[in-house]
Amino acid sequence: MSTQRRPFPFHEFEPKWQEHWVSRRAFRAANPGDVDFDHSKPKYYILDMFPYPSGDGLHVGHVEGYTATDILARFHRMRGFNVLHPMGWDAFGLPAEQYAIKTGRHPRETTTRNIANFRRQLQAVGFSYDWDREVSTTDPGYFKWTQWIFLQLYNSWFNPVTRKAEPIATYTGPDPDSVRLAYVAKMPVNWCPQLGTVLANEEIVDGKSEVGGFPVERRPLRQWMLRITAFADRLIEGLDGLDWPEGIKLLQRNWIGRSEGASVMFCEESGGAKIEVFTTRPDTLFGATYMILSPEHPLVGSITTEVQRADIEAYCTTVASKSDLDRTELNKEKSGVFTGGYAINPVNGERLPIWIADYVLMGYGTGAIMAVPAHDERDFEFAQKFGLPVREVVRPNEAVEGCFVGDGVAINSGFLDGLSTPDAKRTITTWLEEKGLGRGTVNFKLRDWLFSRQRYWGEPFPIIWEDGRHHALAEDELPVVQPDMDDFKPTGTPEPPLSKVSEWVRYSEKAERETNTMPQWAGSCWYYLRFCDPVNGNRFVGEEADRYWMGQTGQPGGVDLYIGGTEHAVLHLLYARFWHKVLYDLGRLTTPEPFQRLVNQGMILGPDGQKMSKSRGNVITPDAVIADYGADSLRLYEMFMGPLEQMKPWSMKGVEGVHRFLARVWRLAMEENQEGKWVVSPVLADVPMTSAQARVAHATIKKVTDDIRALAFNTAISQMMVFTNEFVNASPRPLDSLKILLPLLSPFAPHLSEELWQRLGFDGAASTQTWLTHDESLLIDNEVELAVQVNGKVRDRLVVARDASKEAIENAARLSAKVLEAIGSGTIVKVIVVPGKLVNVVVK
RNA sequence: GCCGGCGUGGCGAAAUGGCAGACGCAAGGGACUUAAAAUCCCUUUUCGCGAAAGCGGAGUGCGGGUUCGAGUCCCGCCGCCGGCACCA
Numbered sequence: 001m002s003t004q005r006r007p008f009p010f011h012e013f014e015p016k017w018q019e020h021w022v023s024r025r026a027f028r029a030a031n032p033g034d035v036d037f038d039h040s041k042p043k044y045y046i047l048d049m050f051p052y053p054s055g056d057g058l059h060v061g062h063v064e065g066y067t068a069t070d071i072l073a074r075f076h077r078m079r080g081f082n083v084l085h086p087m088g089w090d091a092f093g094l095p096a097e098q099y100a101i102k103t104g105r106h107p108r109e110t111t112t113r114n115i116a117n118f119r120r121q122l123q124a125v126g127f128s129y130d131w132d133r134e135v136s137t138t139d140p141g142y143f144k145w146t147q148w149i150f151l152q153l154y155n156s157w158f159n160p161v162t163r164k165a166e167p168i169a170t171y172t173g174p175d176p177d178s179v180r181l182a183y184v185a186k187m188p189v190n191w192c193p194q195l196g197t198v199l200a201n202e203e204i205v206d207g208k209s210e211v212g213g214f215p216v217e218r219r220p221l222r223q224w225m226l227r228i229t230a231f232a233d234r235l236i237e238g239l240d241g242l243d244w245p246e247g248i249k250l251l252q253r254n255w256i257g258r259s260e261g262a263s264v265m266f267c268e269e270s271g272g273a274k275i276e277v278f279t280t281r282p283d284t285l286f287g288a289t290y291m292i293l294s295p296e297h298p299l300v301g302s303i304t305t306e307v308q309r310a311d312i313e314a315y316c317t318t319v320a321s322k323s324d325l326d327r328t329e330l331n332k333e334k335s336g337v338f339t340g341g342y343a344i345n346p347v348n349g350e351r352l353p354i355w356i357a358d359y360v361l362m363g364y365g366t367g368a369i370m371a372v373p374a375h376d377e378r379d380f381e382f383a384q385k386f387g388l389p390v391r392e393v394v395r396p397n398e399a400v401e402g403c404f405v406g407d408g409v410a411i412n413s414g415f416l417d418g419l420s421t422p423d424a425k426r427t428i429t430t431w432l433e434e435k436g437l438g439r440g441t442v443n444f445k446l447r448d449w450l451f452s453r454q455r456y457w458g459e460p461f462p463i464i465w466e467d468g469r470h471h472a473l474a475e476d477e478l479p480v481v482q483p484d485m486d487d488f489k490p491t492g493t494p495e496p497p498l499s500k501v502s503e504w505v506r507y508s509e510k511a512e513r514e515t516n517t518m519p520q521w522a523g524s525c526w527y528y529l530r531f532c533d534p535v536n537g538n539r540f541v542g543e544e545a546d547r548y549w550m551g552q553t554g555q556p557g558g559v560d561l562y563i564g565g566t567e568h569a570v571l572h573l574l575y576a577r578f579w580h581k582v583l584y585d586l587g588r589l590t591t592p593e594p595f596q597r598l599v600n601q602g603m604i605l606g607p608d609g610q611k612m613s614k615s616r617g618n619v620i621t622p623d624a625v626i627a628d629y630g631a632d633s634l635r636l637y638e639m640f641m642g643p644l645e646q647m648k649p650w651s652m653k654g655v656e657g658v659h660r661f662l663a664r665v666w667r668l669a670m671e672e673n674q675e676g677k678w679v680v681s682p683v684l685a686d687v688p689m690t691s692a693q694a695r696v697a698h699a700t701i702k703k704v705t706d707d708i709r710a711l712a713f714n715t716a717i718s719q720m721m722v723f724t725n726e727f728v729n730a731s732p733r734p735l736d737s738l739k740i741l742l743p744l745l746s747p748f749a750p751h752l753s754e755e756l757w758q759r760l761g762f763d764g765a766a767s768t769q770t771w772l773t774h775d776e777s778l779l780i781d782n783e784v785e786l787a788v789q790v791n792g793k794v795r796d797r798l799v800v801a802r803d804a805s806k807e808a809i810e811n812a813a814r815l816s817a818k819v820l821e822a823i824g825s826g827t828i829v830k831v832i833v834v835p836g837k838l839v840n841v842v843v844k
């Protein structure tokens, strides 16, 4: 019995407190309007990226971010904030559907089971979520509002004059369907014949399906799209007001990929067709020596001469059959074919041969370029390969080798000669606009968001089709719930699984339901809003709840702190910002941005320093760590490993280390008696702390407080270790030491802190104490030790009074025997005194 | 190729431009014990001298620079990790 006993009985008190917190709803946050709502408290909304409840259960990586937010949530509660700290489930997704196909069991069944397991695991770590606010994206009461938001997008357009989303009724043009923020277009999608399903880009690795490694081909299908490109500029501008890592902001800016330039009209020589190109270098127009169209460009057919037609068609066929992988491999070598046609350069009337090449993408700009091989590396490579002329029109300011792509001075460019690149750009753009041959334009890499999936386990669209036209369902018809099915197998064609349920598809005599579903991103785009008011049946979020939790800080973003992994740096965080801005423009929300401050936790690697994976066999599960060492040890270890944002490897020895620390804290308060029972330690006494003890105690209050604010949890913990080392041998041991330590420790190790607080008979609970403030005067020692340096090398130490004058310190340093020895025959040039730190004697 | 991030003991790491290595792990030694576990104490960047207390030198990826003083700031390299990838 005694040999197996744990150093402290965490296995008894941890489940007890977890049960206590859940059953008492200990961390429930009151909403404005609730009877117990306290108007005097400031709000603090701290959010985790909610998990996909996979069958594998919680990962230690989840626990890392969730512990960080839990510490901050508990800290803010103790500092008198009304804290919103919710959790939910991003539960639509492919794995549940794949499992359903294999076993015939409904995805809802596996999803429900996985959610129950995740909830159990999260509660076993002792997180202080407000479980009354739990939401799941798969719950009809939730996705009713996901569908409702889709209808807001469907019923809006982006007004370029106001630069805002507006109700479609304010659009006065002929075809409202052409400007809706949600629209239908025929788009190539990734079709995987072996899996019998369409895949998202993220599910394709190196041109093959992530699951199974099967080939994927492009097929054009009717798809729902969201017009995120209309918000490109707003999405870039909005980043300025956010406290996000600069790297993430940059990633988003690059993803949106704004570039300024000009569109220029070229005229095809024989047929007179207009070919519009986009260029960021209109100043090099005189250097264009040929043109290239994308193989998919609509003018290819009419421009191609009969002599060239066979070659062109062969090339287009080859390109069309290439998967993305093959096309990427082709990048190493430029390819293309001459169409036989010519275009006229509008600035000098020169004839330019028109080629097609797959390095020109139909999806960017106009799908056609003017090639300036002297000043663009890709054009240069192409010109080299096919023997096309190269004409230099920009002189570099200093000599460069090879193709010059930088700024310089225009040459061989007629009226632009002598102008610097920026001036030449302005001049030529004005000239083009005056002649009606072009204009300044901006292009983005960002594409509209392909929003439909051919899946069962997703939100159905609230859309019906009649006579080939789409119509929105009325709000009171929401939610549109998927029908139950027995057979989840793919249809074998790109028809969505829902199309098999004919009685569901049939909406009326004439109308049929849309059978596509929304992507997994949909539910996660707005869940942070639903947390503010999770059971509201009348609105996606109540106005007052939105104003209170998302507003009132005077900053653009509503969520005060959002912690999660880098994998969502672009897509989720961009999509959510887009939806938020639309809802904001439509007057449904109070702030223009969802997340004010963002922090990315670093990845936790396996003990071997490799990414954790089942195949490597290096996965650590939270359940196993909790069983052996307890939840507090798991929490504390993950925070002690290193800086939150850094990647770091797991070490079970490290877990043991923090476990020993917690055992030492336990023994500060408790002692084993003759019968092997834990009793309050007899060395504890109501005596004042010595000045040395008080200094450590107050230094700990200060450092833990500062470090939590800075998210430097590892150093906060090491300071509490210093504190414990100071008191562990004290006898008598002042009771005040525990009155100070336990509340400081409680955000990190809430179970142990609460248990000891109760056993010591202190009032209330450790987790509801008011956060302590340190007494600066207790930190000050009357004497300080200074290092005495000669030319930067430490030669002696000096103990002086705290308030000694600079002169007194300098004189004492000059008298030091060791300093005099180090000076030798040199002369003192000057003496630098840094009070409280050191003295540096500079000698020549 | 382009854009980010990071390089400090045997390991995880710490250090407002001011005594490099706090705290933890591992290792070694000791106390307690019949023994082990647990616990407690001591040592532990490295090299040289010394029986020892100690004394001296070197040291934060490499090379320069700024400064009384650089892990920290600046310039140029090298290496590792992550993201994007023909975006005209």
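FYI, the numbering for the first sequence is 1 to 844, going by this note's numbering.
Beta carbons are placed, not taken as given, at the ideal position from N, Cα and C, and that holds for glycine.
The structure presented is a predicted model; accordingly, all values stated were derived computationally and were not measured.
Near Pro622, what residues of its chain come up, given a Cβ to Cβ distance below 7 Å and the 5 sequence neighbours on each side ignored? Counting from 1 along the first sequence, the entry for residue 622 is found at position 622. Around Pro622: Leu58, Val60, Val63, Gln121, Val125 and Leu634.
For Phe415, is the classification buried or exposed, using 16 other Cβ atoms within 10 angstroms of its Cβ as the cut-off for buried? Position 415 of the first sequence, counting from 1, holds the residue named residue 415. Exposed, by the Cβ-count rule.
List the DSSP bridge partners of Val390. Residue mapping note: residue 390 aligns to position 390 of the first sequence, counting from 1. BP columns for Val390 are empty, so no partner.
With DSSP as the reference, please indicate the residues paired to Lys806 in a beta bridge. For this step, residue 806 is matched to residue 806 along the first sequence. Per DSSP, none; premise fails for Lys806.
Cβ of Lys739 within 7 Å of Cβ of Gln719? The count along the first sequence starts at 1 and reaches residue 739 at position 739. The count along the first sequence starts at 1 and reaches residue 719 at position 719. Contact: no.
Looking at the structure shown, is Trp650 part of a helix, part of a strand, or coil, going by DSSP? By 1-based counting over the first sequence, the position of residue 650 is 650. If DSSP states are grouped into helix, strand and coil, Trp650 belongs with coil.
6 Å Cβ shell around Arg218 - same chain, five flanking residues per side excluded: Counted from its first residue, the first sequence places residue 218 at position 218. Closer than 6 Å at the Cβ level, and outside the excluded window around Arg218, lie Pro188.
Taking the alpha carbon of Leu84 as the reference point, which residue from Tyr66, Ala91 and Tyr129 has its own alpha carbon closest? Translated into positions along the first sequence, residue 84 becomes position 84. Out of Tyr66, Ala91 and Tyr129, Tyr129 has the C-alpha closest to the C-alpha of Leu84.
Under 7 Å, do Phe50 and Glu459 count as touching if we go by C-beta distance? As a first step, residue 50 must be located in the first sequence, where it is residue number 50. As a first step, residue 459 must be located in the first sequence, where it is residue number 459. No, these two residues do not count as a Cβ contact at 7 Å.
Assign Arg133 to one of three DSSP states: helix, strand, or coil. Residue numbering aside, residue 133 sits at position 133 when the first sequence is read from its first letter. Helix.
Could you tell me the boundaries of the alpha helix (DSSP H) in which Ala357 lies? For the purposes of this step, residue 357 is identified with residue 357 of the first sequence, where counting begins at 1. Per DSSP, Ala357 belongs to no alpha helix (DSSP H) and is neither H nor E.
When the Cα atoms are used, what is the spatial distance from His20 to Leu636? Working through the first sequence from its first residue, we reach residue 20 at position 20. Working through the first sequence from its first residue, we reach residue 636 at position 636. For His20 and Leu636, the distance between alpha carbons rounds to 21 Å.
What is the rounded straight-line gap between the Cα of Tyr489 and the Cα of Asp139? Along the first sequence, read from residue 1 onward, the residue named residue 489 stands at position 489. Along the first sequence, read from residue 1 onward, the residue named residue 139 stands at position 139. It should be noted that the sequence gives Lys, not Tyr, for residue 489. Their backbone Cα atoms lie some 23 Å apart in a straight line.
Output the residue ranges of the alpha helix (DSSP H) runs that lie fully inside the stretch 554-631 and measure 4 residues or longer, sorted by chain position. 571-585 and 622-629
Quick check: what's the CA-CA separation for Arg695 versus Ser816? As a first step, residue 695 must be located in the first sequence, where it is residue number 695. As a first step, residue 816 must be located in the first sequence, where it is residue number 816. Distance between the alpha carbons of Arg695 and Ser816 is about 30 Å.
Cβ-Cβ distance between Ala716 and Leu742 below 7 Å: Here residue 716 refers to the residue found at position 716 of the first sequence. Here residue 742 refers to the residue found at position 742 of the first sequence. Cβ distance not < 7 Å, so Ala716 and Leu742 don't count as in contact.
Would you say the stretch 87-105 touches the stretch 446-462, given that touching needs at least three Cβ pairs under 8 Å? yes
Report, in whole angstroms, the separation of the C-beta atoms of Glu656 and Phe13, which I expect to be a contact under 8 Å. Counted from its first residue, the first sequence places residue 656 at position 656. Counted from its first residue, the first sequence places residue 13 at position 13. 20 Å between Cβ atoms; not a contact.
For Ala288, which residues from the same chain have a beta carbon less than 7 Å from its beta carbon, with the 5 sequence-adjacent residues on both sides left out? Locating residue 288 in the first sequence gives position 288, where the first residue counts as 1. The residues are Asn345, Leu352, Met370, Ala371 and Val372.
Given 8 Å, three or more beta-carbon pairs between the stretch 652-668 and the stretch 766-784: no
Phe444 - DSSP class collapsed to helix/strand/coil: The sequence position of residue 444 within the first sequence is 444, counting from 1. Of the three classes helix, strand and coil, the one that applies to Phe444 here is strand, per DSSP.
Under the three-state DSSP convention, the category Gln18 falls into: Residue numbering aside, residue 18 sits at position 18 when the first sequence is read from its first letter. Correct three-state label for Gln18: helix.
If you pair each beta-carbon of the stretch 223-239 with each one of the stretch 529-544, do three or more pairs fall below 8 Å? no
Check each candidate in Thr197, Tyr52, Pro160 and Asp407 and name the one with the smallest Cα separation from Val135. As a first step, residue 135 is located in the first sequence; it is residue number 135 there, counting from the start. Out of Thr197, Tyr52, Pro160 and Asp407, Tyr52 has the C-alpha closest to the C-alpha of Val135.
Boundaries of the alpha helix (DSSP H) in which Arg120 is found, first to last residue: Locating residue 120 in the first sequence gives position 120, where the first residue counts as 1. Per DSSP, Arg120 belongs to the alpha helix (DSSP H) from Pro107 to Ala124.
Identify every run of the alpha helix (DSSP H) within the stretch 437-506, keeping only runs that are complete inside it and at least 4 residues long; order them along the chain. 502-505
Using 10 angstroms around the beta-carbon of Met518, count the other beta-carbons present and answer buried if the total reaches 16, otherwise exposed. Indexing the first sequence from 1 puts residue 518 at position 518. Met518 comes out buried.
Rounded C-alpha distance that separates Asp38 from Pro220: By one-based count along the first sequence, residue 38 stands at place 38. By one-based count along the first sequence, residue 220 stands at place 220. Near 56 Å, if we compare the C-alpha coordinates of Pro220 and Asp38.
Buried or exposed: which applies to Ala697, given that a residue is buried once 16 or more other Cβ atoms fall within 10 Å of its Cβ? Indexing the first sequence from 1 puts residue 697 at position 697. By the neighbour-count rule (16 or more Cβ atoms within 10 Å), Ala697 is buried.
Between Trp465, Leu498, Met603 and Asp484, which has its C-alpha nearest Glu509's C-alpha? As a working mapping, residue 509 is identified with position 509 in the first sequence. When each option's Cα is compared against that of Glu509, the closest is Trp465.
Would you list the one or two residues that DSSP bridges to Met370? For the purposes of this step, residue 370 is identified with residue 370 of the first sequence, where counting begins at 1. For Met370, which the question treats as bridged, DSSP gives the partners Met291.
Give every residue of the same chain whose Cβ lies closer than 6 Å to the Cβ of Lys445, excluding the five residues on either side of it in the sequence, and list them in chain order. Locating residue 445 in the first sequence gives position 445, counting from the first residue. The answer, listed in chain order, is Gly257.
For Ile80, which residues in the same chain have their Cβ closer than 7 Å to its Cβ, ignoring the five residues on either side in sequence? One-based indexing of the first sequence puts residue 80 at position 80. Reading off the sequence, residue 80 comes out as Gly, not Ile. These residues qualify, in order along the chain: Lys41.
Does DSSP put Thr279 in a helix, a strand or coil? Along the first sequence, one-based indexing puts residue 279 at 279. Reduced to three states, the DSSP call for Thr279 is strand.
Tell whether a beta-carbon distance below 7 Å holds between Asp70 and Phe127. For the purposes of this step, residue 70 is taken as the residue at position 70 of the first sequence. For the purposes of this step, residue 127 is taken as the residue at position 127 of the first sequence. The answer is yes: Cβ separation under 7 Å.
Residue range of the beta strand (DSSP E) that includes Gly340: Indexing the first sequence from 1 puts residue 340 at position 340. Start and end: Val337 to Ile344.
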